[in-house]
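**Q** Take a look at the following structure, please.
Protein chains: 4
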Amino acid sequence: MARHLYSCPLRWSDMDAFGHVNNVVFLRYLEEARIDFMFRLAPGDGSPSFAGGSVVARHEIDYVRPLVHRHAPVTVESWVTKIGAASLTIAYEIKDPEQVYVRASTIVVPYDLAAERPRRITAEEKLFLQEYLDQEPAAV
Amino acid sequence: MARHLYSCPLRWSDMDAFGHVNNVVFLRYLEEARIDFMFRLAPGDGSPSFAGGSVVARHEIDYVRPLVHRHAPVTVESWVTKIGAASLTIAYEIKDPEQVYVRASTIVVPYDLAAERPRRITAEEKLFLQEYLDQEPAAV
Amino acid sequence: MARHLYSCPLRWSDMDAFGHVNNVVFLRYLEEARIDFMFRLAPGDGSPSFAGGSVVARHEIDYVRPLVHRHAPVTVESWVTKIGAASLTIAYEIKDPEQVYVRASTIVVPYDLAAERPRRITAEEKLFLQEYLDQEPAAV
Amino acid sequence: MARHLYSCPLRWSDMDAFGHVNNVVFLRYLEEARIDFMFRLAPGDGSPSFAGGSVVARHEIDYVRPLVHRHAPVTVESWVTKIGAASLTIAYEIKDPEQVYVRASTIVVPYDLAAERPRRITAEEKLFLQEYLDQEPAAV
């Protein structure tokens, strides 16, 4: 039951006029973690791959505490909470060793760009995702 | 039972490498609508105002169909689905006359920047918000 | 000797932690004005068009005074200062009726995406650009 | 004659609809490098510091070759080309070991936020900057 850990560097411009990382920017951090997980790690040789097309169908995101720009990255911990025939749900925590800033989950739909429609998850992809599957309900 | 309508201009850079408005950018559109509603329209004279401090506690967002950059703005329609003692919930649809692109809701917490803690919604603010209150459950 | 006027809406998130429109964001305003000028207005029927591919080769930008978010748009005034065989130079001012915030210029190179190389400006494009040609040296 | 080297991670969203890192985003990379150099490294104890306030007065930026998102960071190499009484000029190259993507320079003005006006460079800051001073004219 693996967890995907992504070390996510902040940018100074991630802060808004209130001097905190803006709520919208945390979804960029989730995107970076998801791309590392689904585009770089997930299989794709000889089969459709997530990098070849995937669509976000839904986000839920809870903001637990504010974050200010600093030079050290935050960690985005991700796992899979559900594997459907044609969608998967990813849960995440954005955190430091001591504390959690954000809890979130995303429904992702693999997409066939050539056919312009959603496609089913392949058996190879399912095997990969199952390593990260955790019964624990998504935090949000 | 009023609805707040915000005409939201797109930027070409809102598109990502897949050639659609990126899922994260839609939360910017919601932010712009919310700021127009809560910072520009909502009362604040002689009382704490939302513009003086407010924090997003949670977003839920459903992506209904993709959007490509064009010169005409999209409409963000917003209303209030819940008024608590120290929080409110806003529901939105991002749409054209013919179709909906996104349905979402946000929990906002008024914040006292000086005292550095959440504050209660004032009676004046409640009166303002009630004009936009709709029993209809948030779309997401 | 026409000038292209683009009414550019601000977003609250254009401000950085110092509470001003961030210096990088002004280049987004220039991009929006340029896209309106080159993608929407410029000819393209029956010929390669700028919308079909163009590359920024160089920017110069001078920051004259700071700008804070407000609901009224700023104006980006653009004109053409040079038309080469395979490049053009656009000059801009970002301003209100009373004052100038930014002066800038950009060298743009039309690009043939299929052939993956720069291309020459067509006679039809040159005629269009000459309407906006002004000998006045770029402000920067 | 030191050079400041900043390892700058890319984000997938740095690409625009043409599938390359957008020209505006490179100025974010320069900002990150500058903040690392001026906010993190530069002195400030017991004196006004750059982090306490500084304003970009001018950018020049030349785009040498396009860059596509990848997981490895790019290097931003920075040095100081001019130290004035109340401004400094930074030159940069954004590059890999094999090739250069961008050459640029920025004029920065230290700013006294309390007094709301530009301030002079301190003797301590000048000593720090001189380590990075290079007579070589800025690349642009």
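Protein chains in written order, with my numbering: chain A, 32 to 171; chain B, 32 to 171; chain C, 32 to 171; chain D, 32 to 171.
Cβ atoms here follow ideal geometry from the backbone N, Cα and C, with glycine treated the same way.
By the criterion of Cβ-Cβ separation under 8 Å, what are the contact partners of Ala88 (chain B) in chain A?
**A** The residue labelled residue 88 (chain B) in the question sits at position 57 within the second sequence. Correct list: Asp93 and Tyr94.
**Q** Would you identify the three-state DSSP class for Tyr37 (chain A), choosing helix, strand or coil?
**A** Your numbering for residue 37 (chain A) matches position 6 in the first sequence. Strand, per DSSP.
**Q** Please tell me whether Ala122 (chain B) and Arg151 (chain B) are closer than 8 Å, where the distance is taken between their beta carbons.
**A** Against the second sequence, residue 122 (chain B) aligns to sequence position 91. Against the second sequence, residue 151 (chain B) aligns to sequence position 120. Cβ atoms of Ala122 (chain B) and Arg151 (chain B): not closer than 8 Å.
**Q** Nearest CA to the CA of Leu23 (chain D): which residue from D:Val55, D:Gly83 and D:Ile138?
**A** Any question about residue 23 (chain D) goes unanswered here, given that chain D covers just 32 to 171.
**Q** Would you please state the rounded distance, in angstroms, between the beta carbons of Leu36 (chain B) and Glu129 (chain B)? I believe it to be under 8 Å.
**A** The residue labelled residue 36 (chain B) in the question sits at position 5 within the second sequence. The residue labelled residue 129 (chain B) in the question sits at position 98 within the second sequence. About 16 Å; that fails the 8 Å criterion.
**Q** Could you give the first and the last residue of the continuous alpha helix (DSSP H) run that contains Leu7 (chain C)?
**A** This structure cannot speak to residue 7 (chain C), because chain C is shown only from 32 to 171.
**Q** Near Arg101 (chain A), what residues of its chain come up, given a Cβ to Cβ distance below 8 Å and the 5 sequence neighbours on each side ignored?
**A** Residue mapping note: residue 101 (chain A) aligns to position 70 of the first sequence, counting from 1. Leu41.
**Q** Assuming Cys39 (chain D) contacts Val105 (chain D) under a Cβ cut-off of 8 Å, what Cβ separation, rounded to an integer in Å, is found between them?
**A** Taking the first residue of the fourth sequence as 1, we reach residue 39 (chain D) at position 8. Taking the first residue of the fourth sequence as 1, we reach residue 105 (chain D) at position 74. With a Cβ gap of about 5 Å, Cys39 (chain D) and Val105 (chain D) count as contacting.
**Q** What alpha helix (DSSP H) runs, 4 residues minimum, are completely inside the segment 32 to 104 of chain B?
**A** The segment 32 to 104 of chain B contains these whole alpha helix (DSSP H) runs: 56 to 66.
**Q** Helix, strand or coil, according to DSSP, for Leu144 (chain B) in the structure here?
**A** What you label residue 144 (chain B) is simply residue 113 of the second sequence in a count that begins at 1. If DSSP states are grouped into helix, strand and coil, Leu144 (chain B) belongs with coil.
**Q** Hey, how far is the Cα of Asp127 (chain A) from the Cα of Leu98 (chain A)?
**A** In the first sequence, residue 127 (chain A) corresponds to position 96, counting from 1. In the first sequence, residue 98 (chain A) corresponds to position 67, counting from 1. Answer to the nearest angstrom: the Cα atoms are 11 Å apart.
**Q** Using the three-state DSSP reduction, which class does Lys126 (chain B) fall into: helix, strand or coil?
**A** As a first step, residue 126 (chain B) is located in the second sequence; it is residue number 95 there, counting from the start. Three-state DSSP puts Lys126 (chain B) in a strand.
**Q** Beta-carbon within less than 7 Å of Arg71 (chain C)'s beta-carbon, same chain only, minus the 5 sequence neighbours each way: which residues are those?
**A** On the third sequence, residue 71 (chain C) is found 40 positions in, with the first residue counted as 1. Hits under 7 Å: none found.
**Q** Please compile the residues from chain D whose C-beta is within a distance smaller than 8 Å of the C-beta of Asn172 (chain B).
**A** In the structure displayed, chain B extends from 32 to 171; residue 172 (chain B) sits before or after that span and is not available.
**Q** Does DSSP put Arg134 (chain A) in a helix, a strand or coil?
**A** Translated into the one-based positions of the first sequence, residue 134 (chain A) becomes position 103. Three-state DSSP puts Arg134 (chain A) in a strand.
**Q** Got a sec? Which residues, its chain only, sit under 7 Å from Tyr94 (chain C) by beta carbon, not counting five neighbours each side?
**A** Along the third sequence, one-based indexing puts residue 94 (chain C) at 63. Same-chain partners within the cutoff: Asn54 and Val133.
**Q** Near Asp47 (chain D), what residues of its chain come up, given a Cβ to Cβ distance below 6 Å and the 5 sequence neighbours on each side ignored?
**A** Looking up residue 47 (chain D) in the fourth sequence gives position 16. So the list reads Asn53, once near-sequence residues are dropped.
**Q** Comparing alpha-carbon positions, which option in A:Arg59, A:Thr120 and A:Val131 lies nearest Tyr163 (chain A)?
**A** Position 132 of the first sequence, counting from 1, holds the residue named residue 163 (chain A). Of A:Arg59, A:Thr120 and A:Val131, the residue nearest in Cα terms is A:Thr120.
**Q** Per DSSP, Thr120 (chain D) is paired with what?
**A** Counted from its first residue, the fourth sequence places residue 120 (chain D) at position 89. Its beta-bridge partners are D:Lys113 and D:Ile138.
**Q** So which residues on chain D does Ile16 (chain A) lean against when the C-beta distance must stay under 7 Å?
**A** Because residue 16 (chain A) is not part of the residues shown, which for chain A are 32 to 171, the question remains open.
**Q** Report the three-state DSSP secondary structure of Val171 (chain A) (helix, strand or coil).
**A** If you number the first sequence from 1, residue 171 (chain A) lands on position 140. Residue confidence is low: Val171 (chain A) scores 44 on pLDDT, short of 50, so the model does not pin down where it sits. Its coordinate-derived value is still stated next. It is coil, neither helix nor strand.
**Q** Output the distance between the C-alpha atoms of Ser178 (chain D) and Glu147 (chain A), rounded to the nearest integer angstrom.
**A** Chain D is shown from 32 up to 171; residue 178 (chain D) falls before or after that span and cannot be answered.
**Q** Out of A:Ala73, A:Val131 and A:Phe81, point me to the one whose CA is closest to Phe57 (chain A)'s CA.
**A** Counted from its first residue, the first sequence places residue 57 (chain A) at position 26. Looking at the Cα atoms, A:Val131 is the closest of the given residues.
**Q** Taking 8 Å as the threshold (beta carbon to beta carbon), is Ala48 (chain A) in contact with chain C?
**A** Translated into positions along the first sequence, residue 48 (chain A) becomes position 17. Closer than 8 Å: yes.
**Q** Around the Cβ of Glu91 (chain B), are there at least 16 other Cβ atoms within 10 angstroms (buried) or fewer (exposed)?
**A** Within the second sequence, residue 91 (chain B) is the residue found at index 60, counting from 1. Buried, by the Cβ-count rule.
**Q** Report, in whole angstroms, the separation of the C-beta atoms of Arg59 (chain B) and Trp110 (chain B), which I expect to be a contact under 8 Å.
**A** The residue given as residue 59 (chain B) occupies position 28 in the second sequence. The residue given as residue 110 (chain B) occupies position 79 in the second sequence. Contact flag wrong, Cβ pair sits at about 20 Å.
**Q** Cutting at 7 Å between CB atoms, please list the residues of its own chain near Leu61 (chain D), excluding the five before and the five after it.
**A** For the purposes of this step, residue 61 (chain D) is identified with residue 30 of the fourth sequence, where counting begins at 1. Cβ neighbours of Leu61 (chain D) beyond the five flanking positions: Val107, Tyr123, Ala135 and Thr137.
**Q** Compare the C-beta of His102 (chain B) against all C-beta atoms of chain C and say whether one is closer than 8 Å.
**A** Here residue 102 (chain B) refers to the residue found at position 71 of the second sequence. Yes, its Cβ sits closer than 8 Å to a Cβ of chain C.
**Q** Closest by CA to Pro149 (chain C), which one among C:Ala103, C:Glu155, C:Val86 and C:Gln161?
**A** The residue labelled residue 149 (chain C) in the question sits at position 118 within the third sequence. Looking at the Cα atoms, C:Val86 is the closest of the given residues.
**Q** Using 10 angstroms around the beta-carbon of Arg89 (chain D), count the other beta-carbons present and answer buried if the total reaches 16, otherwise exposed.
**A** Your numbering for residue 89 (chain D) matches position 58 in the fourth sequence. Under this definition Arg89 (chain D) is a buried residue.
**Q** Using C-beta distances below 7 Å, list every residue in its chain close to His51 (chain A), excluding the 5 sequence neighbours before and after it, in chain order.
**A** Here residue 51 (chain A) corresponds to residue number 20 of the first sequence, with the count starting at 1. So the list reads Pro97, Leu98 and Val99, once near-sequence residues are dropped.
**Q** Taking the straight line between their C-alpha atoms, what separation do you get for Glu167 (chain C) and Ala103 (chain C)?
**A** Against the third sequence, residue 167 (chain C) aligns to sequence position 136. Against the third sequence, residue 103 (chain C) aligns to sequence position 72. Cα to Cα, the separation comes out at about 29 Å.
**Q** The ligand NAD and Thr112 (chain A): does the residue's C-beta get closer than 7 Å to at least one heavy atom of that ligand?
**A** The ligand content of the structure shown is nil, which means the ligand NAD is not present either.
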